[in-house]
Amino acid sequence: MVAELEYESVLCVKPDVSVYRIPPRASNRGYRASDWKLDQPDWTSRLRITSKGKIAYIKLEDKVSGELFAQAPVEQYPGIAVETVTDSSRYFVIRIQDGTGRSAFIGLEGMF
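Numbering (full-length UniProt numbering), first residue to last: 1 to 112.
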């Protein structure tokens, strides 16, 4: 019952971020933005960071309609939900999840 009473706060909105499909991490050395096709983002999106209770959500939304494309729940930082890349401070990897618990890793530019 307590969870139903919690409200969602908007912490940050970025009107234009680039989204990249990224190759699997080859080793434990971390992700490298230089391995991505940086000149060809797969999608551009609006990014909205919200919080509800003790969890933050990174939401990627259609820039025109506002429809939710994907979201990444962030329970702690640093953690698996948000990772920096080893070769740039402009790019990040986030773990998006759907309602069934399936997840995927995507790259972002313009998050911060």
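Here a beta-carbon is modelled for each residue, glycine too, at the ideal position from N, C-alpha and C.
Would the beta-carbon of residue i fall within 8 Å of that of residue j?
i	j	result
residue 57	residue 70	no
residue 33	residue 107	yes
residue 97	residue 103	yes
residue 31	residue 85	yes
Assuming the contact rule is C-beta atoms closer than 8 Å, residue i and residue j should be a hit. Round their C-beta distance to whole Å, please.
i	j	result
residue 50	residue 8	5 Å
residue 110	residue 16	6 Å
residue 74	residue 83	Not quite, the Cβ-Cβ distance comes to about 11 Å (not below 8 Å), so this is no contact.
Assign residue i to buried or exposed, taking buried as 16 or more other Cβ atoms, counted over all protein chains shown, within 10 Å of its Cβ.
i	result
residue 11	exposed
residue 55	exposed
residue 1	Here residue 1 scores only 49 on pLDDT, less than 50, and its place in the model is too uncertain to base an answer on.
residue 91	buried
For this session: With a floor of 3 residues, list each beta strand (DSSP E) that falls wholly inside the region 53–106, ordered by position along the chain.
Result: 55–61, 68–74, 82–84, 91–97
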